[in-house]
Amino acid sequence: MRTLITNGIVVGADGSTAADVLIEDETIAAIGSDLGATGLTADQSIDAAGRYLIPGGIDGHTHMEL
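Quick look at the structure:
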């Protein structure tokens, strides 16, 4: 399954930028500007306008001590 998240603000170690994120089979396949215009197809699209995306972020409820 492919999911395209568009119009988000991607946050990484080097700062933040407006970008899209393509997820394929629970793995981040691509991060870039206007990925939908490049001809990528997705089973599901999510408009994340005005929202922050943290690719690879860890769930705050993770039990790290285990």
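Count the sequence shown with this note's numbering and you get residues -2 to 63, in order.
Quick reminder that beta carbons are idealized off the backbone N, C-alpha and C, glycines included.
Remember, it's a predicted structure, so these values are computed and weren't measured experimentally.
Residue i in three-state terms, based on DSSP
{"i": "GLY9", "result": "strand"}
{"i": "THR38", "result": "coil"}
{"i": "ILE2", "result": "strand"}
{"i": "ILE51", "result": "coil"}
{"i": "ALA16", "result": "strand"}
Residue i versus the options, residue with shortest Cα-Cα distance
{"i": "LEU19", "options": "ALA46, GLY29, GLY54 and ALA10", "result": "GLY29"}
{"i": "ALA16", "options": "ASP31, HIS58, ASP40 and GLY53", "result": "ASP31"}
{"i": "ASN4", "options": "ALA27, TYR49 and GLU21", "result": "TYR49"}
Beta-bridge partners of residue i, as assigned by DSSP
{"i": "SER30", "result": "In the DSSP output, where bridge partners are listed per residue, SER30 has none listed."}
{"i": "GLU23", "result": "The partner list for GLU23 (beta bridge, DSSP) is empty, contrary to what the question assumes."}
Distance, residue j Cα to residue i Cα
{"i": "PRO52", "j": "ASP40", "result": "19 Å"}
{"i": "GLY54", "j": "THR38", "result": "25 Å"}
Interface flag, residue i vs chain B, CB-CB below 7 Å
{"i": "ILE2", "result": "Judged by its chain identifiers, the structure shown contains no chain B, having just a single protein chain."}
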